[in-house]
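Chains A and B supply the protein sequences, listed in that same order.
Just so you know, we're using the UniProt record's numbering here: the first sequence kicks off at 1 and counts up by one.
Just so you know, we're using the UniProt record's numbering here: the second sequence kicks off at 1 and counts up by one.
There are 2 protein chains.
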Amino acid sequence: MNLRTAFGINLQRIRRQRGLSQEQLAARAGLARAYLSGAEAGRRNPTLDTIEAFAQVLEVDAAELLLKPSSGASELTS
Amino acid sequence: MNLRTAFGINLQRIRRQRGLSQEQLAARAGLARAYLSGAEAGRRNPTLDTIEAFAQVLEVDAAELLLKPSSGASELTS
Numbered sequence: 001m002n003l004r005t006a007f008g009i010n011l012q013r014i015r016r017q018r019g020l021s022q023e024q025l026a027a028r029a030g031l032a033r034a035y036l037s038g039a040e041a042g043r044r045n046p047t048l049d050t051i052e053a054f055a056q057v058l059e060v061d062a063a064e065l066l067l068k069p070s071s072g073a074s075e076l077t078s
Numbered sequence: 001m002n003l004r005t006a007f008g009i010n011l012q013r014i015r016r017q018r019g020l021s022q023e024q025l026a027a028r029a030g031l032a033r034a035y036l037s038g039a040e041a042g043r044r045n046p047t048l049d050t051i052e053a054f055a056q057v058l059e060v061d062a063a064e065l066l067l068k069p070s071s072g073a074s075e076l077t078s
């Protein structure tokens, strides 16, 4: 699993844990919802600044967004 | 400490632990030495793909490169 895919899985999982919609997370991070949707699907190549913006809104360490998801968590649904 | 600075400190620390010069790490990651030097100084905004390239060469989890360095490790020397 490459890092973009892992990042997308983590981003979606934590967003849902926080009870945030894609619209809410994207707006709070100052990004477009379509960008977030692509990032969660592993189709974006975000920079450190973007990763940091997501981490701050989600109140997690940025490193947590790059951890390899445990197996079985690899489905990418919107 | 912002994420760019933390990333730079971790990158430099782990590179030195591996006994690699900036030239060697940059070449193996397919990047210019000047880019790496800037990244270690916290002046770059690398993408996930670049972070992944460094992590693979350094044989660490990408998440480790984004951890907040323990206090006292914040000096940025080349």
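Think of the CB as a built atom: it goes at the ideal place given N, C-alpha and C, for glycine as much as any other residue.
Keep in mind that this is a model prediction, so the values were computed, not measured.
Tell me the DSSP secondary structure of residue i in three-state form.
i                    : result
leucine 11 (chain A) : helix
glycine 38 (chain A) : helix
alanine 26 (chain B) : helix
Would you mind telling me which residues of chain A sit closer than 7 angstroms to residue i, beta carbon to beta carbon, in chain order?
i                      : result
arginine 4 (chain B)   : Leu48
leucine 25 (chain B)   : Residues of chain A passing the Cβ test: none, with the nearest at roughly 18 angstroms.
glutamate 52 (chain B) : Asn2 and Leu3
Can you name, in chain order, every residue of its own chain whose Cβ lies under 6 angstroms from the Cβ of residue i, other than the five neighbours on each side?
i                      : result
arginine 44 (chain A)  : Gly38
glutamine 12 (chain A) : Glu40
threonine 5 (chain B)  : Gly42
threonine 50 (chain B) : none
Looking at residue i and the ligand MG, is the gap between the Cβ and the nearest heavy atom below 6 angstroms?
i                    : result
alanine 32 (chain B) : Among the components modelled here there is no ligand, and therefore nothing to report on the ligand MG.
Below 8 angstroms on C-beta distance, what does residue i contact in chain B?
i                    : result
leucine 67 (chain A) : Asp61 and Ala63
In terms of alpha-carbon separation, which member of the options lies closest to residue i?
i                      : options                      : result
glutamate 23 (chain A) : A:Gln17, A:Arg13 and A:Ala34 : A:Ala34
Who are the Cβ neighbours of residue i in its own chain at under 8 angstroms, not counting the five residues just before and after it?
i                       : result
asparagine 10 (chain B) : Glu64, Leu65, Leu66, Leu67 and Pro69
asparagine 2 (chain B)  : Gly42
isoleucine 14 (chain A) : Leu58, Val60, Glu64 and Leu65
Going along the chain, which residues of its own chain have a beta-carbon closer than 7 angstroms to the beta-carbon of residue i, five neighbours each way excluded?
i                      : result
glutamate 52 (chain B) : Ala62
arginine 18 (chain B)  : Leu58
alanine 29 (chain A)   : Ala53, Phe54 and Val57
Taking the alpha helix (DSSP H) that residue i falls in, what are its first and last residues?
i                      : result
aspartate 49 (chain B) : 48–58
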